[in-house]
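K.L.:
Would you mind keeping the following structure in view while I ask a few things?
There are 2 protein chains.
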Amino acid sequence: MLNDRKFKILQAIVNDYIETAEPVGSRTIAKKYGLGVSSATIRNEMSDLEDLGLISQLHSSSGRVPSSKGYRFYVDSMMQSPALAEEEALLLQRMLIENIRQSEYMMQETAKALSRLTNYPAIVSEPYLKKTAIKHIQLVPLDEKSILLVLVTDTKTVKNQVVNLSAAPGYDVLTKLSALLNRRLSGLSIREISRECIDKMLAEFGEHAHVLMPILGITADMIQAEDDVRVYTSGVKNILTFPEFSDKAKAEQIFHALEDRASLFEILGTPKASGIQIIIGEENALDLLKSCSLIKANYTIDNQGTGCIALIGPMRMDYAQAVSVLSGVLQNIRHVMDALGLRNGGTD
Amino acid sequence: MLNDRKFKILQAIVNDYIETAEPVGSRTIAKKYGLGVSSATIRNEMSDLEDLGLISQLHSSSGRVPSSKGYRFYVDSMMQSPALAEEEALLLQRMLIENIRQSEYMMQETAKALSRLTNYPAIVSEPYLKKTAIKHIQLVPLDEKSILLVLVTDTKTVKNQVVNLSAAPGYDVLTKLSALLNRRLSGLSIREISRECIDKMLAEFGEHAHVLMPILGITADMIQAEDDVRVYTSGVKNILTFPEFSDKAKAEQIFHALEDRASLFEILGTPKASGIQIIIGEENALDLLKSCSLIKANYTIDNQGTGCIALIGPMRMDYAQAVSVLSGVLQNIRHVMDALGLRNGGTD
DNA sequence: GTTAGCACTCGTCGAGAGTGAGTGCTAACA
DNA sequence: TGTTAGCACTCACTCTCGACGAGTGCTAAC
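And the structure:
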């Protein structure tokens, strides 16, 4: 499609613009990127590149800026994202592997790691479509009127919730009740708890039957909440450092979008493609993001479902570095999941 | 100190400036606040107010702006903060009381409520100086190699942590061990766990002695972490909406400060005075906040220690409303703590 | 095909004029 | 003596205009 020189010139324009956020002129390229030709020649080539729609001018005497199509070409054909530098990889490992001892922290820590390493806002969503099942239930005494319900799910997520009762049973009773609940409910998802099963338990509970209903109700709520996909962000404040968001109103819009669960899911879209996807400027479905780029990847946990990790930046974001970090993080997610025993299949 | 007219004029200046963020001129006051005198008279009075240091001009032909001293006077002598409107009070109640079933959520929810009701960034710190004691320990089976340690402290905070072992004991053993741990450790703070006590437990643990040490270690870590005062923020993005922070660099500085634990504590200072304190502009010790105001209040949990809730805004923040909300929140904290059984004494 | 030269474009910056909001002072009035 | 109308003055803000310069496209020569 492009001859070698045009290729190099486009590459120079994209790289320079990513670095400086200033339109790139022909003289800059001639001086800084030493292609062995004069600026006039470069001007001619740039004119051709503009005809191809790969770069554009803000006004007739400004330098050139890559267009969405130009970035697309850059990303598809000439970007090489190096493997993470050793120190970065190490930092990542420390951040993730050492911080994550429980799966519910994985998303948050992953988001943190992504944004710290790239200085772009990061979004991480949990896998969905899973149907959480009960792995273990434990009742713990708190005081005269309340007990603590600890729930461990099959995805190794731990939740706890205080249950208020008119009179809480003592420790020994709670231990017995815990055992009973486990025997009856362990391995079941919320839909599998039948009326019959509840009736049997009520009978077995005997005098303590009155505590069963609130406990079951709260357990159901907790699992339901667990089935809701959670989504985390980190490093949102970084958008303030991008010159393209010096318009405060724009920055605030994005702030809002990144705070709102619903719009986060809109941004992430439905995960279908696998691998790392780069969505540039106008390719975004959301108007709000038409001046931004989105780099995202899906990851699969077992056959539980697919989650998404993503970075948001200006169109001139450092795609190469962002992709490096993203794939590094993906790899680390695999490690963490292996360590937590949550993975059989592969991640995309 | 001030005659009635000067008083009213100062009040008009402060109110108008809080509302519009524009310097207030004599004609504006004459028209809008109908004091029955001409703008010339008001000019004379304003000149006097300026001599008193209560208002100031940015330049010789601009309107007047309240000085720190002016705000101080306003806050001390003429501000009346109405009780919360019914709908606000209700909203607050829904936000707090319904969301808080465990004490560890109280701070976060309180911060959220504060910032939502005021549109100012909120900071909430936990009480400190407490020495957390163990109330209950429960070991829960997870899988072959790990168990879950659930710790309930005397402040009713629930923490859990996965403990990895080479081979995890089964459910029955864990139940027995839990009982043993509770008998020995319940009511003790970290310092009170003696060598002797540990030795006795090791003996009693018998063949399962090897799981004791990691459990004790992690328990100690958890209590230690619990003794660290936590601090939460909410609504930080609101600073973007204040015209006084249109300087992006300034906004970012504050963003940073509100993200950093250490600087948050610097902002809050050491809680000594009780009641709601208002710190205006230059009265702030921190340079960063010399153009901001801080409204804060301390609350005491039992005799555990004192925490702090605070709002940050521009100097022309709506003190009356902020104070209303803050005292409403304080009251609700009392309710929540009563509901959680954490309060004997009063809150300041 | 490449390049030097040149005219042209257009955003940016700074100076200068006009505008208007606001002030302080003064003199007159009740 | 307090209040007010009138007026000169100040100064931020806006607009315009010219100079400047970075950058372009075109042309002619190599």
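Quick note, the sequences are listed as chains A and B, same order.
Numbering-wise, our numbering puts 126 at position 126 of the first sequence, and it's gapless, one number per residue.
Position in the second sequence counted from 1, then plus 1000, gives you our numbering.
Glycine residues also receive a C-beta, built at the ideal position from the N, C-alpha and C atoms.
These numbers were taken from a predicted model, which means no experiment stands behind them.
(1) Taking all protein chains shown into account, do 16 or more other C-beta atoms lie within 10 angstroms of the C-beta of Q1224 (chain B), making it buried, or fewer, making it exposed?
(2) Here's the rule: buried if 16 or more other CB atoms are within 10 angstroms of the residue's CB, otherwise exposed. What is G1345 (chain B)?
(3) Would you say K1112 (chain B) faces chain A, with C-beta separation under 8 angstroms as the test?
(4) Any C-beta of chain A within less than 8 angstroms: which residues of the stretch 1138-1156 of chain B qualify?
(5) So, does the stretch 1031-1043 of chain B touch the stretch 1267-1284 of chain B, judging by three or more C-beta pairs under 8 angstroms?
(6) Whole angstroms is fine: what's the gap from S1077 (chain B)'s alpha carbon to S1274 (chain B)'s?
(7) Determine the burial state of E1022 (chain B): buried for a count of at least 16 other Cβ atoms within 10 Å of its Cβ, exposed for fewer.
(8) State yes or no: is the beta carbon of V24 (chain A) nearer than 8 angstroms to at least one beta carbon in chain B?
(9) Quick check on G1025 (chain B): buried or exposed, where buried means 16 or more other Cβ atoms within 10 Å of its Cβ?
(10) How would you list, in chain order, the residues of chain B whose beta-carbon sits under 9 angstroms from the beta-carbon of E252 (chain A)?
(11) For Y1232 (chain B), which of helix, strand or coil comes out of DSSP?
(12) Quick one: residues in its chain with C-beta nearer than 7 angstroms to the C-beta of D48 (chain A), no 5 flanking neighbours on either side, listed in chain order?
(13) Quick check on V37 (chain A) - is its C-beta less than 8 angstroms from some C-beta in chain B?
(14) Which of helix, strand or coil does DSSP assign to P1141 (chain B)?
(15) Leaving out five residues on either side along the sequence, give the residues of the same chain with a beta carbon under 7 angstroms from the beta carbon of T1347 (chain B).
(16) Give a yes or no on whether the C-beta atoms belonging to V163 (chain A) and P214 (chain A) are separated by under 8 angstroms.
(17) Smallest Cα separation from L174 (chain A): which of A:R316, A:S146, A:E88 and A:E196?
(18) Counting pairs of beta carbons, one from the stretch 1102-1111 of chain B and one from the stretch 1228-1236 of chain B, are three or more of them closer than 8 angstroms?
(19) Under DSSP, the beta strand (DSSP E) around P1023 (chain B) begins and ends at which residues?
(20) State the start and end residues of the unbroken beta strand (DSSP E) segment that holds S194 (chain A).
(21) Taking DSSP as the reference, what is the three-state secondary structure of E1104 (chain B)?
(22) Just how far apart, CA to CA, sit G1036 (chain B) and S1263 (chain B)?
(23) Identify which residue in A:T28, A:S67 and A:L52 has its Cα closest to the Cα of S3 (chain A).
(24) Taking Y1105 (chain B) as the reference, which of B:I1018, B:Y1171, B:L1165 and B:K1159 has the closest Cα?
(25) In the DSSP assignment, find the alpha helix (DSSP H) that holds L264 (chain A) and state where it starts and stops.
(26) From the DSSP output, which residues share a beta bridge with Q277 (chain A)?
(27) Which residue marks the beginning of the alpha helix (DSSP H) containing A322 (chain A), and which one marks its end?
(28) Count the other CB atoms within 10 Å of the CB of R1316 (chain B); is the residue buried (16 or more) or exposed (fewer)?
(29) Distance check for C1292 (chain B) and E1266 (chain B), CA to CA, integer angstroms please.
(30) Let's test the definition: count the other Cβ atoms within 10 Å of the Cβ of A1249 (chain B) and tell me whether it reaches 16, buried, or not, exposed.
(31) Beta-carbon of S1166 (chain B) versus every beta-carbon of chain A: anything under 8 angstroms?
(32) Out of A:M46, A:E126 and A:E86, point me to the one whose CA is closest to L117 (chain A)'s CA.
(33) Short of 8 angstroms Cβ to Cβ, which residues in the stretch 1295-1315 of chain B face chain A?
(34) For V1325 (chain B) and chain A, any beta-carbon pair shorter than 8 angstroms?
(35) With a threshold of 8 angstroms between beta-carbons, can T1175 (chain B) be considered close to chain A, or not?
(36) Comparing the C-beta of S1246 (chain B) with each C-beta of chain A, is any distance below 8 angstroms?
P.N.:
Walking through what the data contain:
(1) With fewer than 16 Cβ atoms within 10 Å of its Cβ, Q1224 (chain B) is classed as exposed.
(2) Below a pLDDT of 50, predicted positions are generally treated as unreliable, and G1345 (chain B), at 44, falls in that range; the measurement from the model is reported next regardless. Exposed, since its Cβ has fewer than 16 Cβ neighbours within 10 Å.
(3) no
(4) If the cut-off is 8 angstroms between Cβ atoms, the stretch 1138-1156 of chain B has Q1138, V1140, P1141, L1142, D1143, L1148, V1150, V1152 and K1156 near chain A.
(5) no
(6) 19 angstroms
(7) exposed
(8) For V24 (chain A), the answer is no, since every Cβ of chain B falls outside 8 angstroms of its Cβ.
(9) Looking at its Cβ environment, which holds 16 or more other Cβ atoms inside 10 Å, G1025 (chain B) is buried.
(10) K1237, L1240 and T1241
(11) strand
(12) Around D48 (chain A): K6.
(13) no
(14) Strand, per DSSP.
(15) Reliability of the predicted coordinates at T1347 (chain B) is poor, the pLDDT of 39 falling under 50, and no value is obtained from them.
(16) yes
(17) A:S146
(18) yes
(19) That residue, P1023 (chain B), is in no beta strand (DSSP E); it is neither H nor E in DSSP.
(20) Per DSSP, S194 (chain A) is not a residue of any beta strand (DSSP E), being assigned neither H nor E.
(21) Reduced to three states, the DSSP call for E1104 (chain B) is helix.
(22) Note on geometry: alpha-carbon atoms of G1036 (chain B) and S1263 (chain B) lie some 49 angstroms from one another.
(23) Looking at the sequence shown, residue 3 (chain A) is not Ser but Asn. Here the closest residue by C-alpha is A:L52.
(24) B:K1159
(25) Under the DSSP assignment, L264 (chain A) falls in the alpha helix (DSSP H) whose first and last residues are R261 to L268.
(26) A:K296
(27) Y319 to L340
(28) buried
(29) A straight line joining the alpha-carbon of E1266 (chain B) with that of C1292 (chain B) spans about 14 angstroms.
(30) In this structure A1249 (chain B) is exposed. Its beta-carbon is surrounded by fewer than 16 other beta-carbon atoms within 10 angstroms.
(31) no
(32) A:E86
(33) For the stretch 1295-1315 of chain B, which is checked against every Cβ of chain A, not one residue is closer than 8 angstroms.
(34) Chain A contact via Cβ: absent.
(35) yes
(36) yes
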